[in-house]
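This report refers to the structure that appears directly beneath it.
There are 2 protein chains.
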Amino acid sequence: MKQSKLFTKTSKTFPKDEVSKNAQLLIRAGFINKEMAGVYSFLPLGLRVLNKISDIVRDEMNKVGGQEVYMTVLQSPEAWQKSGRWSDEVVDNWFKTHLKNGSEVGLGFTHEEALTALLKRFVSSYKDLPFYPYQIQEKFRNETRAKSGIMRGREFFMKDLYSFSRSKKEHDEFYEKIKQSYLNVFTRVGLGDRTYITFASGGTFSKYSHEFQTVTEAGEDIIYIDKEKNIAINQEVYIDEVIKDLGLDKEKMIKAKAVEVGNIFSLGYKFSEALNLTYKDEAGKEELVYMGSYGIGPSRLMGAVAEILSDEKGMVWPESIAPFRVHLISLNKDEEAEKIYDELVGAGIEVLFDDRDVRAGEKFADSDLIGIPYRVVVSEKSLGQGGLEIKKRNQVESEIIAKEKILEKIK
Amino acid sequence: MKQSKLFTKTSKTFPKDEVSKNAQLLIRAGFINKEMAGVYSFLPLGLRVLNKISDIVRDEMNKVGGQEVYMTVLQSPEAWQKSGRWSDEVVDNWFKTHLKNGSEVGLGFTHEEALTALLKRFVSSYKDLPFYPYQIQEKFRNETRAKSGIMRGREFFMKDLYSFSRSKKEHDEFYEKIKQSYLNVFTRVGLGDRTYITFASGGTFSKYSHEFQTVTEAGEDIIYIDKEKNIAINQEVYIDEVIKDLGLDKEKMIKAKAVEVGNIFSLGYKFSEALNLTYKDEAGKEELVYMGSYGIGPSRLMGAVAEILSDEKGMVWPESIAPFRVHLISLNKDEEAEKIYDELVGAGIEVLFDDRDVRAGEKFADSDLIGIPYRVVVSEKSLGQGGLEIKKRNQVESEIIAKEKILEKIK
Numbered sequence: 000m001k002q003s004k005l006f007t008k009t010s011k012t013f014p015k016d017e018v019s020k021n022a023q024l025l026i027r028a029g030f031i032n033k034e035m036a037g038v039y040s041f042l043p044l045g046l047r048v049l050n051k052i053s054d055i056v057r058d059e060m061n062k063v064g065g066q067e068v069y070m071t072v073l074q075s076p077e078a079w080q081k082s083g084r085w086s087d088e089v090v091d092n093w094f095k096t097h098l099k100n101g102s103e104v105g106l107g108f109t110h111e112e113a114l115t116a117l118l119k120r121f122v123s124s125y126k127d128l129p130f131y132p133y134q135i136q137e138k139f140r141n142e143t144r145a146k147s148g149i150m151r152g153r154e155f156f157m158k159d160l161y162s163f164s165r166s167k168k169e170h171d172e173f174y175e176k177i178k179q180s181y182l183n184v185f186t187r188v189g190l191g192d193r194t195y196i197t198f199a200s201g202g203t204f205s206k207y208s209h210e211f212q213t214v215t216e217a218g219e220d221i222i223y224i225d226k227e228k229n230i231a232i233n234q235e236v237y238i239d240e241v242i243k244d245l246g247l248d249k250e251k252m253i254k255a256k257a258v259e260v261g262n263i264f265s266l267g268y269k270f271s272e273a274l275n276l277t278y279k280d281e282a283g284k285e286e287l288v289y290m291g292s293y294g295i296g297p298s299r300l301m302g303a304v305a306e307i308l309s310d311e312k313g314m315v316w317p318e319s320i321a322p323f324r325v326h327l328i329s330l331n332k333d334e335e336a337e338k339i340y341d342e343l344v345g346a347g348i349e350v351l352f353d354d355r356d357v358r359a360g361e362k363f364a365d366s367d368l369i370g371i372p373y374r375v376v377v378s379e380k381s382l383g384q385g386g387l388e389i390k391k392r393n394q395v396e397s398e399i400i401a402k403e404k405i406l407e408k409i410k
Numbered sequence: 000m001k002q003s004k005l006f007t008k009t010s011k012t013f014p015k016d017e018v019s020k021n022a023q024l025l026i027r028a029g030f031i032n033k034e035m036a037g038v039y040s041f042l043p044l045g046l047r048v049l050n051k052i053s054d055i056v057r058d059e060m061n062k063v064g065g066q067e068v069y070m071t072v073l074q075s076p077e078a079w080q081k082s083g084r085w086s087d088e089v090v091d092n093w094f095k096t097h098l099k100n101g102s103e104v105g106l107g108f109t110h111e112e113a114l115t116a117l118l119k120r121f122v123s124s125y126k127d128l129p130f131y132p133y134q135i136q137e138k139f140r141n142e143t144r145a146k147s148g149i150m151r152g153r154e155f156f157m158k159d160l161y162s163f164s165r166s167k168k169e170h171d172e173f174y175e176k177i178k179q180s181y182l183n184v185f186t187r188v189g190l191g192d193r194t195y196i197t198f199a200s201g202g203t204f205s206k207y208s209h210e211f212q213t214v215t216e217a218g219e220d221i222i223y224i225d226k227e228k229n230i231a232i233n234q235e236v237y238i239d240e241v242i243k244d245l246g247l248d249k250e251k252m253i254k255a256k257a258v259e260v261g262n263i264f265s266l267g268y269k270f271s272e273a274l275n276l277t278y279k280d281e282a283g284k285e286e287l288v289y290m291g292s293y294g295i296g297p298s299r300l301m302g303a304v305a306e307i308l309s310d311e312k313g314m315v316w317p318e319s320i321a322p323f324r325v326h327l328i329s330l331n332k333d334e335e336a337e338k339i340y341d342e343l344v345g346a347g348i349e350v351l352f353d354d355r356d357v358r359a360g361e362k363f364a365d366s367d368l369i370g371i372p373y374r375v376v377v378s379e380k381s382l383g384q385g386g387l388e389i390k391k392r393n394q395v396e397s398e399i400i401a402k403e404k405i406l407e408k409i410k
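Same order as they appear, the protein sequences are chains A and B.
In terms of numbering that gives the first Met the number 0, the first sequence has 278 at position 279, counting the first letter as 1, and numbering is strictly consecutive.
In terms of numbering that gives the first Met the number 0, the second sequence has 367 at position 368, counting the first letter as 1, and numbering is strictly consecutive.
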């Protein structure tokens, strides 16, 4: 894409009430716009990143047999009344509104109830199970405070997968499998080295749930990490009993601030019982379906990347989720640059081509702020030295390469 | 995908209150679920169709220079108060809710205000214009009656593109260009032969707006068509003056029921004036931006296809938007069918493989209901005759082809 056509621009400023680093940076770089506290729109560069994160999550969900669906935002009370979660006294962050006929409806903050109710249409026999519907779409939570940028939105993107199994045993096997999928996701988006599977409080049906916590000063959670074993404990269950139960040594645990980038939870019969989702087993006996839920927030993940993979000049996107792979910069050498642009795009490489009529210093500063992995400069100087100047965003040194070598270098 | 793993099933029934043919059919085939009147979730088969329609729309928007964004559902009153559209007396189908601090927010039913306000961040000079942001996402309208299935939802998918131009002349050129994009979309989704560009009422800045109306008994609009000239007039402006103005002959106009599948509109200075979106021209003079908006509803389009491209047995999807290209049916020949399945999938063809342990009659009925373009049967009989039985959903005759010929036939 040609930068002269991109409708967003970088900026030195951000809204005065924006206190989070991730949103400040992403607003300045033109990736997002703040509509109100905790509510951000995604502009062309930002939407490209968000879609790449979602595609990685989607790929991992498909690999474990997930089937994608799109549930509705508008939720009628019925199923939620059965599960006991309709009341604002039980769930205090509902957004609710009314149909013309006066009926109250809510905006989905999660979809266990909706999926469980829906599946009553399709489940009758043990042969129908197990299965794993998932959704990647916006959810709504009426947060009292929303000060963490896109890491905690009132309106935010979630991937939620729900598992429907015949038994605890079948459930447990899937649960172990999806743990690995989650680790794959965090590795693929560039946060693998500082994301820990973290023991958190469970429920009626499991001793613990598991969170995936990424270490960052911007996090709202406190975790205790055992670096050797590569696991952590959430502060809420960091007690001697749990430490002992997990075979960990308090002396070795390191305290850190972290953001919860994923969460997996054994729901057991909580929703299937409330909504009467049953199947007939091999012997014809009616049994309740055993459920689990598994969340990752693509927009929160993007915020965590912005907090962590950035420096004083701007974003440093990992190649897997960068809005473009190459930032091609022409310094008064538009004709030569245009040829390189056509060659790269022709080879299927995503290029942002800075063809704007602005000073070199502005182009370099913008390039650092936007944070595309490869910067390729075409200038009088580079051509004089035999070709193109190429520099990776996460490295200091640049090098000159011959024009013919560009594809080989970038691929 | 193996049908035994697909969590949805076909059904002979649909909710009693569902009066629209499109929703009845899509519910029975397992494409959608009715959550409440006018509110439908999209299940795996339905989401595949919806995504294919959206991808066609996206492709056509990108071709005219569109840049995709994602705007927020939650809307704060400010910009809408300036345009005069916040009041429920002016716009009677708002959904509104409240933040914890008591502030009222609305659920976006369109995004002219939000985009115009956003662009004040980026537009200052004539060099910044023109550009064309667009969005494909859910919108919300508090409809009093919602009886047309996914053709008129309270929650529905919209593509809206907004044009921001320097002058009426620049705007008019783009307006003509996007007319053609719209016709391309309707042709590509299989409705080209019965979709008419239709003159409808304009506004302060244009004599007419243009709708794209698809002829169907399920439509809520009345249009008058001149088949020779391939254009139509919406009933609301079907008066002698307009007929004469367009050079049409009342005698030749044919009355028909139709559904509005697209709409393009010259907004002029309506929103740029209200929100003070200006730019400096070449002479440094402050000018208002000239705007237009262009809508297509992917979910409504899917509903229109369901109404029109279906028969008494079920859906007859066009190849471009079918959930799968091939419905492979094994009649007790799973091993042979599995090989064909692997071959087709390996060649990048989307296949739904009916490997279920059910009667042949049920498989055929389900296949007709789901409506995938190519049905390929592997049975004792087909193998005895030398291979596979292949039949197109929109044809009556089947033929036997050698197993080796399958790829060539399907591609």
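Don't be surprised by glycine CBs; every beta carbon is placed ideally from N, CA and C.
It should be emphasised that the depicted structure is a prediction, and the values quoted were computed from it without experimental measurement.
Across the structure, B/Leu-190 and B/Asp-367 are spaced so that their CA atoms are roughly 20 Å apart.
Around A/Arg-153, the beta-carbon contacts reaching into chain B at under 7 Å are Leu-73.
In this structure, B/Met-314 places its C-beta atom within 8 Å of the C-beta atom of B/Gly-370. Under the 8 Å Cβ criterion, the stretch 44–56 of chain A counts as touching the stretch 302–320 of chain A, having at least three qualifying pairs. For A/Asp-159, the enclosing beta strand (DSSP E) starts and ends at 154–164. For B/Tyr-39, the enclosing beta strand (DSSP E) covers residues 38–41.
The way I'd put it, the stretch 226–242 of chain A does touch the stretch 206–213 of chain A; three or more beta-carbon pairs between them come closer than 8 Å. In this structure B/Glu-172 is exposed. Its beta-carbon is surrounded by fewer than 16 other beta-carbon atoms within 10 angstroms.
Rounded to the nearest whole angstrom, the C-alpha separation of A/Gly-296 and A/Val-188 is 13 Å.
At least one C-beta of chain B is nearer than 8 Å to the C-beta of A/Thr-7. For the stretch 130–161 of chain B, residues whose beta-carbon sits nearer than 7 Å to a beta-carbon of chain A comprise Phe-130, Pro-132, Glu-137, Asn-141, Thr-143, Arg-153 and Glu-154. For A/Lys-4 against B/Gly-65, the beta-carbon gap comes to about 11 Å, at or over 8 Å, which does not count as contact. In this model, A/Glu-142 and A/Phe-156 are separated by some 15 Å (Cα to Cα).
In the three-state DSSP reduction, A/Glu-111 falls in the helix class (H, G or I). Taking A/Leu-387 as reference, the option from A/Val-395, A/Ile-52, A/Arg-374 and A/Asn-393 with the minimal CA-CA separation is A/Arg-374. Against B/Lys-99, the close residues of chain A are Asn-141 and Thr-143, in the order they occur along the chain (beta-carbon pairs closer than 7 Å). In the DSSP assignment, the residues bridged to A/Phe-198 are A/His-209 and A/Ile-232. For the stretch 251–278 of chain B, the beta-carbon criterion of a distance under 8 Å to any beta-carbon of chain A is satisfied by none of its residues. Distances from the CA of A/Arg-153 to each of B/Gly-261, B/Asp-159, B/Lys-243 and B/Gln-74 were compared; the closest alpha carbon is that of B/Gln-74. In terms of CA proximity to B/Ile-55, B/Phe-185 leads the group B/Phe-185, B/Leu-245 and B/Phe-13. Inclusion of A/Ala-273 and A/Lys-408 in the CB contact set at 8 Å is not warranted, their separation being larger than that value. Per DSSP, B/Met-290 is not a residue of any alpha helix (DSSP H); the beta strand (DSSP E) it occupies stretches across 289–295.
The beta-carbon of A/Lys-390 is placed no less than 8 Å from the nearest beta-carbon of chain B. No Cβ of chain A is located within less than 8 Å of the beta carbon of B/Val-89. For B/Ile-222 against B/Thr-197, the beta-carbon gap comes to about 5 Å, under 8 Å, which counts as contact. Its chain contains Ile-52, Val-188 and Val-260 as the residues whose beta carbon lies nearer than 7 Å to that of B/Leu-300, once the 5 sequence neighbours on both sides are disregarded; these appear in chain order. Bounds of the beta strand (DSSP E) holding A/Ile-253 are 253–267. Secondary structure at A/Gln-2: coil, using DSSP grouped into helix, strand and coil. With a threshold of 8 Å between beta carbons, B/Asn-32 makes contact with chain A. Excluding its 5 nearest sequence neighbours in each direction, B/Glu-285 has C-beta neighbours in its own chain below 8 Å: Thr-277, Tyr-278 and Lys-279, listed in chain order. Judged by DSSP secondary structure, A/Phe-185 falls outside any beta strand (DSSP E) and instead within the alpha helix (DSSP H) spanning 167–187.
Annotation for B/Arg-27: the continuous alpha helix (DSSP H) segment containing it runs 20–27. Per DSSP, the unbroken beta strand (DSSP E) holding B/Gln-136 starts and ends at 131–139.
Judged by DSSP in its simplified three-state form, B/Asn-61 adopts helix. A/Arg-392 sits in coil when the DSSP states are folded into three classes, being neither helix nor strand. Straight-line measurement puts the Cα of A/Gly-105 at about 7 Å from the Cα of A/Pro-76.
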